[in-house]
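Peer 1:
Protein chains in written order, with our numbering: chain A, 1 to 293; chain B, 1001 to 1313.
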């Protein structure tokens, strides 16, 4: 029972990790939290669904096009509108308004039904001792791990990724070094959104999504990013898994009605305790270094 | 202010011409209730510059408290409305106290989480809130035995409270507290150097905003006779924020404008048109975008053009 719950938590957790890494990528480069992250997750899934049904495209092509659409749309939004706003308050409100607009747009265009892709992943289940996982889940996990690795490689190894990290560290110095910081920031913001859409497309064959599903998923991604300190990819990966496991344990041992509330309480607790925890960790680290000297 | 009054007056005349009297007074009452709630959000977001995404959930707290107390204990509205206000203010106080030291983005995330928790409680605590069915049959407002059942009867009460809320918001803006709130929102550290505790200040903002929300909710519970979990979602809070932005964030006139938009978008056009919220959210972004244009160069440019024309003539 426990191992099964842990496995379930791990698999949903990897999706939260993917979302959280998108958030962290956008935030560390631009210092704007994308409050429409969850809505973009659902939006990507719905665009993919429409392309597959109306355009009769195979799943992979539809998914690729949907990610491209989200990337271009959010990139334009960031480059043309968001960077023109001065205060961080106005930028936050603009992303909140974007989320609201997307949410109601999806209600108008796609209705209020829950939808999912039909039979994309292979059926059947895999048994490892006491744990049973479906092949589809294994596939989603593998895909998200590959994506996480690819994102990390992109940010750390490519020229564009180095530009992004330079902009995150010091915007003005980066601009002085000849980096087009505004484009890089818009690209990072759109890249984060594209990761959200990709996560949505990955899970929609398994999960049902409806127009309002974004809030809950987005808030869990925020929690995951916060646990990881809202700055590091490794932290976001860990945070996503923690959120997934906490949620699975709450659903298994407490009640599935209150599992979401439990995660939100966890979010508030993390925010309150994190600075203290971080300072304790730092003190331990310093003491250890002093001892070594 | 004159422009706003004219615009709202025109809206009222159009509505009076097209609606039946009872419908008109009902929409008028909803406008007043929205105005009370938005006055609270104005104090928090317009003055203190805190993005609160759980404001409508606090309205729900007021509504559920008033409704549940009058249904289970049989409390009369004169006592249940203050109870709703107290409950919302208390929850607002607890959240602000807990999240006191958090900075802007994190505070917004905390309010978002609080909104979702409250919505889950409205939906999940079936014994207390009636779950998905909500609370039905809440008694109407009554004052000293006089039962205010029809829209014509309860409109004056709502209007009186709305005018009171606007007056309080106006007085607050001009008071020391309001100015300190606004200053703390713009430059927190600077206010601290003047010996004002900006966290305590924000606490006051949260409590005032929360009690306005609770008042609106408690009155709405008695006016509607029904409270359901669907009307207090986080999307409503986001919509309120967008309406305030369209009205001009930080200015008192944003409150009536936002209330009018809320009534038009949520109550009148609901079910008829689906696009209204998409358009209004885009309008909010456009308002922010246009605000970022610096006016002085534009004026200078116009002056040059006009001057050149005058010179030619």
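We put the CB at the ideal spot given by N, CA and C, even for glycine.
1. With three or more C-beta pairs closer than 8 Å as the rule, is the stretch 1018-1026 of chain B touching the stretch 1213-1222 of chain B?
2. Of all the residues that make up the stretch 1030-1058 of chain B, which are near chain A by a beta-carbon distance shorter than 7 Å?
3. Could you check which residue in B:1302, B:1301, B:1291 has the C-alpha nearest to that of residue 87 of chain A?
4. Does the beta-carbon of residue 1200 of chain B have 16 or more other beta-carbons within 10 angstroms, so that it is buried, or is it exposed?
5. Hey, could you find the ends of the alpha helix (DSSP H) residue 133 of chain A is sitting in?
6. Would you list the one or two residues that DSSP bridges to residue 1319 of chain B?
7. Hey, out of B:1141, B:1148, B:1259, whose CA is closest to residue 1004 of chain B's CA?
8. What are the boundary residues of the beta strand (DSSP E) that includes residue 158 of chain A?
9. Against chain A, does residue 1133 of chain B count as a neighbour if the rule is that its beta carbon must be under 8 Å from one of theirs?
10. What residues of chain C sit near residue 103 of chain A, judged by a beta carbon separation below 7 Å?
11. Looking at the structure shown, is residue 128 of chain A part of a helix, part of a strand, or coil, going by DSSP?
12. From residue 1115 of chain B to residue 1234 of chain B, what distance separates their C-alpha atoms?
13. In this structure, how does DSSP classify residue 35 of chain A when only helix, strand and coil are distinguished?
14. Which value, in whole angstroms, describes the spacing of the CA atoms of residue 64 of chain A and residue 95 of chain A?
15. In angstroms, rounded to a whole number, what distance separates the CA positions of residue 1054 of chain B and residue 129 of chain A?
16. Report the neighbours of residue 17 of chain A on chain B: residues whose CB is nearer than 8 Å to its CB, in chain order.
17. What residues match up with residue 1226 of chain B in a beta bridge as DSSP calls it?
18. Just confirm the distance between the C-beta atoms of residue 1045 of chain B and residue 1241 of chain B, as a whole number of angstroms; I'd bet it's less than 8 Å.
19. Using the beta-carbon of each residue, which ones in chain B are nearer than 8 Å to residue 114 of chain A?
20. Would the beta-carbon of residue 1213 of chain B fall within 8 Å of that of residue 1059 of chain B?
21. Rounded to the nearest angstrom, what separates residue 1125 of chain B and residue 1282 of chain B at their Cα positions?
22. Please report how far the alpha carbon of residue 30 of chain A lies from the alpha carbon of residue 195 of chain A, in whole angstroms.
23. Identify whether residue 115 of chain A lies in helix, strand or coil by the three-state DSSP scheme.
24. Count the CB pairs spanning the stretch 221-234 of chain A and the stretch 15-28 of chain A that are closer than 8 Å, and state whether there are at least three.
25. Going by C-alpha distance, which of A:288, A:6, A:289, A:290 is nearest residue 132 of chain A?
26. Could you give the distance in angstroms between the alpha-carbon of residue 165 of chain A and the alpha-carbon of residue 1109 of chain B?
27. Helix, strand or coil for residue 1050 of chain B? Go by DSSP, reduced to three states.
28. Which residues in chain A sit within 9 Å of residue 1275 of chain B, going by Cβ to Cβ distance?
29. Going by the beta-carbon positions, is the gap between residue 1243 of chain B and residue 1262 of chain B smaller than 8 Å?
30. Taking residue 103 of chain A as part of the alpha helix (DSSP H), name the residues at either end of that continuous run.
31. Looking only at its chain, what residues have a beta carbon closer than 7 Å to the beta carbon of residue 192 of chain A, apart from the 5 residues adjacent to it on each side?
32. Going straight from the alpha carbon of residue 1191 of chain B to that of residue 1184 of chain B, what length do you get?
33. Assuming residue 167 of chain A and residue 146 of chain A make a contact with CB atoms under 8 Å, what is their CB distance in whole Å?
34. Drop a sphere of 10 angstroms on the beta-carbon of residue 1313 of chain B, count the other beta-carbons inside from all chains shown, and report buried for 16 or more, exposed for fewer.
35. What are the boundary residues of the alpha helix (DSSP H) that residue 1116 of chain B is part of?
36. Terminal residues of the continuous alpha helix (DSSP H) containing residue 1179 of chain B?
Peer 2: Reading from the atomic positions:
1. With the cut-off at 8 Å, the stretch 1213-1222 of chain B and the stretch 1018-1026 of chain B do not touch.
2. For the stretch 1030-1058 of chain B, the set of residues with a beta-carbon nearer than 7 Å to any beta-carbon of chain A comprises 1049, 1051, in chain order.
3. Taking the Cα of residue 87 of chain A as reference, the smallest distance to any Cα among B:1302, B:1301, B:1291 is reached at B:1291.
4. If you draw a 10 Å sphere on the C-beta of residue 1200 of chain B, you find fewer than 16 other C-beta atoms in it, and that means exposed.
5. Counting along the chain, residue 133 of chain A falls outside any alpha helix (DSSP H), though it belongs to the beta strand (DSSP E) covering 131-134.
6. Limits of chain B in this structure are 1001 at one end and 1313 at the other, which puts residue 1319 of chain B out of reach.
7. It is B:1259 whose Cα lies nearest to the Cα of residue 1004 of chain B.
8. Careful: residue 158 of chain A lies outside any beta strand (DSSP E) and carries neither H nor E.
9. By the rule that beta-carbons nearer than 8 Å mark a contact, residue 1133 of chain B does not touch chain A.
10. Among the chains of the structure shown, chain C does not appear; the protein chains present are A and B.
11. When secondary structure is reduced to three states using DSSP, residue 128 of chain A falls in the strand class.
12. In a straight line, the C-alpha of residue 1115 of chain B is about 6 Å away from that of residue 1234 of chain B.
13. Three-state DSSP puts residue 35 of chain A in coil, outside helix and strand.
14. Within the model, the alpha-carbon separation for residue 64 of chain A versus residue 95 of chain A is close to 24 Å.
15. The C-alpha of residue 1054 of chain B lies about 45 Å from the C-alpha of residue 129 of chain A.
16. Within chain B, no C-beta atom comes less than 8 Å from the C-beta of residue 17 of chain A; the nearest is roughly 18 Å away.
17. According to DSSP, residue 1226 of chain B bridges with B:1136.
18. About 6 Å separates the two Cβ atoms, so the contact holds.
19. Within chain B, no residue has its beta carbon less than 8 Å from that of residue 114 of chain A; the closest one is some 16 Å off.
20. Yes, Cβ-Cβ distance for residue 1213 of chain B and residue 1059 of chain B is below 8 Å.
21. Note on geometry: alpha-carbon atoms of residue 1125 of chain B and residue 1282 of chain B lie some 36 Å from one another.
22. The alpha-carbon atoms of residue 30 of chain A and residue 195 of chain A are separated by roughly 16 Å.
23. If DSSP states are grouped into helix, strand and coil, residue 115 of chain A belongs with the strands.
24. Taking 8 Å as the limit for Cβ pairs, the verdict is that the stretch 15-28 of chain A does touch the stretch 221-234 of chain A.
25. If we check each option's Cα against that of residue 132 of chain A, A:6 comes out closest.
26. Approximately 25 Å, taken between the alpha carbons.
27. Reduced to three states, the DSSP call for residue 1050 of chain B is coil.
28. The contacting residues are 104, 105, 108.
29. In this structure, the beta-carbon distance from residue 1243 of chain B to residue 1262 of chain B falls below 8 Å.
30. In the DSSP annotation of this structure, the continuous segment of the alpha helix (DSSP H) that includes residue 103 of chain A starts and ends at 88-110.
31. Only 22, 23, 25, 26, 34 meet the Cβ criterion.
32. Separation of residue 1191 of chain B and residue 1184 of chain B (C-alpha to C-alpha, rounded to the nearest whole angstrom) is 6 Å.
33. Taking the Cβ atoms as the reference, residue 167 of chain A lies roughly 26 Å from residue 146 of chain A, outside the contact range of under 8 Å.
34. Note on residue 1313 of chain B: pLDDT 43, under 50, position unreliable in the model; no value is reported.
35. Residue 1116 of chain B: member of the alpha helix (DSSP H) spanning 1104-1124, first to last residue.
36. Segment 1176-1186, the alpha helix (DSSP H) holding residue 1179 of chain B.
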